[in-house]
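Residue numbering for the sequence shown follows the UniProt record's numbering, beginning at 1 and increasing consecutively. Backbone N, C-alpha and C fix where the C-beta goes; we use that ideal spot for every residue, glycine too.
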Amino acid sequence: MHAAKYSLISALVAATTASHIPHRAEQGLAVPQIWSSPLFKSSAPFHGPSSAKESTLTQSFQLHEPAPLLTSSAHSCSVTLVSRSFANSYGSPSTLSFDPRTAFAGTACSDPDEWTGLTLDVHGETRGRQFDRLGTVWVGNNATGQGVEVLRLDNPEPTKQGVYWSTKKDVGKYWPLWSQPADVVFDLPNIVDDTYTGALNVTLQLTASVQGSLSRAGRKRTHAGRIPALPLKQRAAHLVIPLSKRLQTGNSIFQLGGSAGNGTASVKVPHNAARALVEVYASGTAAEEFWYTGITDRFFNQIPDAAANGYYGHGPYREVQLYIDGAFAGFVTPYPVIFTGGINPLLWRPAANYGTFDQPTYTIDVTPFIGTLTDDQPHSFELAVVGSERGGVINDASWFVSGNVQVYLDSSDGRTTGKVIKATQGAEVVKGTTGGSIKGDPLTNGSLTYSVGLQVPRRFDVAGSVKTGSGKEYVAAWSQQAEYDNRGLVNATTQTNDQKSFGWTRSLVIDARHIDKVMGTLDFDAIQTLADAQDAKVQVSAVQMDYNYPLYVTSSLSNTSFDARIVEQFDRTVRRTGPGTDKDLTKMVGDETTLVHADPVAALPHAILSKRNADADSVLVNGAIANGTGTARQTYMYRDMAGGTIDRVTRTNTTNVLQDSLAGSVSARAQPGQLTVA
C-alpha cells in the first residue's frame, strides 16, 4: 500500500490521509500524480448545488441495514436540517438550532412523544476532482451537554461525470436529544480550488415516523403478523451524555494518540440511574488511517527513511480503551473501515466498503459501575487508543474518537446503590508478540516479513451489585474477549497484510451466589444450557455479541502497473439467554445495546454479515494511472430481532453494476433499493 520509492503510491497515501485531518489548511498540498490520469480529470468545476438529474450521475452505494430498524411506519415526516455545497468548509461547519415541535408543526409527527421511528437521511452529489472527506453530525443541549456524535460518514471520490449517494441511519437511540430543543452541528471539511474542483453538495434530513409497527416475519405462525411499536420514548435511554469536547458550534472529536494523549469528559449520572451503556465512535486517520499495515518498532527502526517513504511504525494492533475514575472499564476492537480513496480508488467504484457512509460504533456495558456513579458528583470518563507495542504507543493525534453514555433510569426517584465486586486486574496492559525477519533494505533490494499477535487473548471481566430505589436487586456484569493476528510482507514493490481480528462481548444479569461460576469458565453455550434448564440453580440472563473482522489486503507496483486486492468482512451476531417473550420486541431499539432498563429484557438474536472481495488493476504511463478497472463482489446478510431478513449479492466493475440479487422478507426496505444492472 505504501510501496515506497514510487512517488505515485506515496503521493496517493499522503493525499488520502491529509483529507481526514480536520480544520487544517491544505492549500500547500502537492498535486498527487494519480490525479493526472484522465480517470480523475474534471471537464468543469462543480460549484454550488446540483441541478442535474440523478440520471446523469453515477450512483455510489454502500450495502446497509434498513432504517428505521425493526419498524415500518404508517406516517413519516421529514425536515431538512442542512442543504449546502461544502466547498471551502474547513473550520466552517453548518450549525443550527433545532426544535422538534416547531420543525414538525402541523404534521402527524408534531409530538416527539409519539415517534416510533427516527432516521438521519443523507443525500450527496459531487463531480470533478476531490478527496474523500470525513464528516460528522453532532447533537446536544445545555442540560446533558453539547456534542453527542450521531453519525460519522465518508463521501465517494467523484468522477468528471459526477456521482451521487444516499444513506439512512437509524438514530432512534438518540431520541432524548432529538425530542427537545437542541443544537446541531454538521461538519464536512472540504477544499475547492483550481486543483480540487469537487464541491460536496449534501442535504441532511431528519425523518420521524409515528404509528409504526413491527413485523414478526419468520417467527411462529401463530404469532405472525404485525404488532404496534412502542414509542421511542419508552424504548430509548432516558438521557444521552456526550464523551467529547462538547462544542456547541464546532466539531467535538477527540484527536487521540501519542503525545496528544487521551480524551476525558466529566459525567454526572442521575442518582436513580439503573443501567448505563457507553457507545464509542473511532476512526484511524492520517498516520493511522492504514493502522492495520503498521510495522512493528522492532523492524521499523531498521528501515532507513521509512517514515519519509510513507511507512508507519508501532505495529498494526489497535484498541480503544475506557476508564471510569481511573479504573479500566472495557475496550473495543475497531473494524478497519477503508475510505473511498484508500489503497486504490478503483476498488471502491461504485460500491463503497461497508461502514463508509455510516461508520459502525461499539458498545461497552458500564452498569457494573452504576452504584458508584449515582452520588450526584461528577465522574471522569476517559477514552484512549493503544497498540501492542511497548507502552501501548501509537502515532500522534491520529485517531478520531468520541462517545456517549446512554443512561436508563429506575421508575422510582430513590438512589441506586451498589459497588464493583469483581474486576480483572491489569487488563489495561496489552501483551503483544512480534516475530519475523528483515533482509537488507525492504525499500530497495531487501524484504521484511513480520507477525503480530497477542500472548493470550485479550480478556476483561467486571461485575457490580445493583440495588435500585424501586427494590430491584441483582448483579450486573460485563465480559469480553478478543483475539488477533496480523502477518505482513514488505518489499520494494509489494505490501501485504493478512489480519485476523475476532472476539465477543457479553452483558449479564447474574444471581450473586453464582457469579464466579458464570463469569469464570463458562462459555456462552454452557451459560445458555444453565439458563434454559427448568431446575436451573443459576439465575442468569445474557446477551452476547460475536464479532469477526478479517482483512486481507495486498498491493503491488511496477513501472507499468499498480494492482491491489482486498478481502474484508464485517460480521456481528447477537445471541441471548434467559427469560423472554414476544413482548421483548416492543422494547427493542434495534442495535446491539443489549439488555435494557432496570428490569432486564434481553435483545433478541440478530446478525449482520458483509463480505467483500475486490481487485483493482491499473496501467501506469510515466508514473501515473493511464487507465484501469476495479471489480468487486459483495455478499450481505441481515437478520433482525423481528425475524426480518435480507440476502444480497452484488457484483460491480469501475462504472457499472453487473449483478444485484436481492431477497428476504424485508428486502423492500434494503439500502440501497434494487440497483440498475448494466
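- Remark: C-beta atoms of GLY147 and SER252 approach each other more closely than 9 Å.
- Closest option to ARG669, judged by alpha-carbon separation, among LEU63, GLN59, LEU57, THR58: LEU63.
- Counting only the Cα atoms, PRO100 lies some 49 Å from GLY453.
- In this chain, PHE502 is not harboured by any alpha helix (DSSP H); it is covered by the beta strand (DSSP E) spanning 494-510.
- For PHE562, the closest C-alpha among the options LYS500, ALA492, LEU81 is that of ALA492.
- Assignment of alpha helix (DSSP H) within the region 512-566, counting only whole runs of 4 or more residues, yields 515-520, 524-532 in chain order.
- Excluding its 5 nearest sequence neighbours in each direction, PRO345 has C-beta neighbours in its own chain below 6 Å: GLU157, listed in chain order.
- For a cut-off of 8 Å, the C-beta gap from PRO231 to TYR549 is around 35 Å, too long to register as a contact.
- Here PRO112 carries a helix assignment [DSSP, helix/strand/coil].
- The Cβ neighbour count for SER97, taken over all protein chains shown within 10 Å, is under 16; the residue is labelled exposed.
- ALA384 and VAL393 have their C-alpha atoms roughly 11 Å apart.
- Within the region 107-183, complete alpha helix (DSSP H) segments of at least 4 residues are found at 175-178, given in chain order.
- Under the criterion of beta carbons closer than 8 Å, GLY418 and VAL466 qualify as touching, at roughly 5 Å.
- For PRO100, there is no enclosing beta strand (DSSP E); the enclosing alpha helix (DSSP H) has its first and last residue at 100-103.
- Apart from sequence neighbours up to five positions away, the residues of its chain that approach VAL150 with a beta-carbon distance below 6 Å are VAL137, VAL139, VAL171, TYR174, ordered along the chain.
- Counting only residues of its own chain and dropping the five nearest sequence neighbours on each side, LYS439 has a CB closer than 8 Å to the CB of GLY446, SER447, LEU448.
- DSSP, read as helix, strand or coil, puts THR629 in strand.
- Taking GLY145 as the centre and dropping the five residues before and after it, the same chain places the C-beta of ILE241, PRO242, ARG246 closer than 7 Å to its C-beta, in chain order.
- Straight across, the Cα-Cα distance linking HIS75 with GLU114 is about 11 Å.
- Judged by DSSP in its simplified three-state form, GLY371 adopts helix.
- The beta carbon of SER402 sits closer than 7 Å to the beta carbons of GLU149, LEU243, SER244, SER252, ILE253, PHE254, TYR281 from its chain, once the five residues preceding and following it are set aside; these are given in chain order.
- Close CB contacts of GLN455 within its chain, under the 6 Å cut and outside five residues either way in sequence, are with LYS431, THR433 (chain order).
- In chain order, GLY315, TYR317, VAL430, GLY432 place their CB closer than 6 Å to the CB of SER388, counting only its own chain and leaving out the 5 sequence neighbours on each side.
- In the DSSP annotation of this structure, the continuous segment of the beta strand (DSSP E) that includes ARG84 starts and ends at 75-86.
- Nearest to GLU65 by C-alpha distance, out of HIS271, MET637, GLU568, ILE421, is MET637.
- The C-alpha of SER665 lies about 29 Å from the C-alpha of ALA237.
- For the pair ARG349 and GLY630, the CB atoms are nearer than the 9 Å cut-off.
- The Cβ atoms of ALA87 and VAL185 lie no closer than 9 Å to each other.
- Counting along the chain, ASP660 sits inside the beta strand (DSSP E) bounded by residues 657-663.
- For PHE400, the enclosing beta strand (DSSP E) has its first and last residue at 399-409.
- Within the same chain, HIS606, ALA607, THR645 come within 7 Å of ARG639 by CB-CB distance, once the 5 residues on both sides are set aside.
- Here SER110 has ARG101, PHE104 as same chain residues with Cβ atoms under 7 Å from its own Cβ, once five neighbours each way along the sequence are excluded.
- Taking all protein chains in view, the Cβ of SER479 is crowded by 16 or more other Cβ atoms within 10 Å, so the residue is classified as buried.
- The criterion of a C-beta distance shorter than 9 Å is satisfied by SER541 and THR577.
- A direct Cα-Cα distance of roughly 33 Å separates ASN309 from SER92.
- Residue state for ASN622 is assigned as coil, using DSSP reduced to three classes.
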